[in-house]
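In full-length UniProt numbering, the protein residues as written are 3 to 380. For glycine and all other residues, C-beta sits at the position ideal for the given N, C-alpha and C. Contents: one structure, followed by commentary.
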Ligand code: PLP
């Protein structure tokens, strides 16, 4: 089969697995242990931290390893907001309507439990937020702004430089950079905090990081033994951190080449589908778009049935987000774009990986055949 759901997750790269293996076997120590076995692990962890920091354009002490981006987003949003509430009475947060559930649910938690108000900003029909609207939403009691660098369902890339410039440092800017990693530069975004997830870039599930400038007060979310400089307790996932460091370096090394190669494939794929399938509509921004993401609706055609027909033809894709797959709820992202609920339920997202190459014609043919099969009920 051909796996075209790389926005959901990616296979572990061989180089990443090789880098990790010693830390799962011979060098298995606990970095907090005061003996040579522990110290070996602590050195590996420090090295991994410095390498991740370099790719994020931050200092090693700014990097907090987490269990993934859900945790990194929870920490960035709850940790910054609660610390700001304690220190300066903050009780407001800014985000957008198309964020990942881990962002929106963290914001909802602040509203329900900590008395916050949230400005959940609208986006335009292609999923872009207006940088001036982000700045205009900021109040004296705003804790932070949290914006997705690139959207996981439609691939729209935000004008993060414009947002950072409009905010002008008035509040910390957090970017969910999960989908941007490997495709877009991470080191010069102007943001104060960035979340990344290993499993989207060839490292395993269960490792991620929050890079956050140390001057920003942060209240921990997970309490315990005080690891990660008191910011995230729990024995560190040393092998995971080593794997994440290798994965971000590999992704960064071929980022520009991969983005150019895969964008060309994506454009051909989009043009082919729009040309050959009359009901197809592109969702998201035609130009400010992740290199690997082609996302469509097929008005009047059940998205889930198209996915099944595609799988019968050896093509693995998804409806938009792994969480929404299998449920018939319309995607909050597509609804925020103004797509109507029935059409939103027909969403199909095809996401190419970093190493994608070759002709996209077989994919276009499979989409055409799958939609035809669904429409004709064959
Ligand atoms: N943010 C975005 C934009 C994502 O696509 C994902 C993927 O699931 C996450 C956050 C959550 O990451 P994780 O799976 O590491 O918890």
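Taking the CA atoms as reference points, residue 72 sits about 10 Å from residue 180.
Look at residue 72: its beta carbon is less than 6 Å from one of the heavy atoms in ligand 1. Here the alpha carbons of residue 376 and residue 192 stand approximately 46 Å from one another.
Within 6 Å of the C-beta of residue 334 there is not a single heavy atom belonging to ligand 1. Rounded to whole angstroms, the gap between the alpha carbons of residue 62 and residue 51 is 5 Å. Contact between residue 352 and residue 4 fails: their C-beta atoms lie close to 10 Å from each other, not under 8 Å.
Its chain contains 83, 86, 143, 144 and 145 as the residues whose beta carbon lies nearer than 7 Å to that of residue 92, once the 5 sequence neighbours on both sides are disregarded; these appear in chain order.
Of the candidates 235, 293, 274 and 246, 293 places its Cα closest to the Cα of residue 260. For residue 176, the enclosing beta strand (DSSP E) has its first and last residue at 175–178.
In this structure, residue 153 places its C-beta atom within 7 Å of the C-beta atom of residue 100. In this structure, the alpha-carbon of residue 373 lies about 25 Å from that of residue 338. In the same chain as residue 121, and ignoring 5 residues on each side of it, the C-beta atoms closer than 6 Å to its own belong to 96 and 139, in chain order. About 5 Å separates the CB atoms of residue 123 and residue 131; that is less than 8 Å, so the two are in contact. DSSP assignment within the region 137–189 yields the following whole beta strand (DSSP E) runs of 3 residues or more, N-terminal first: 144–150 and 175–178. For residue 337, the uninterrupted alpha helix (DSSP H) segment begins and ends at 334–338.
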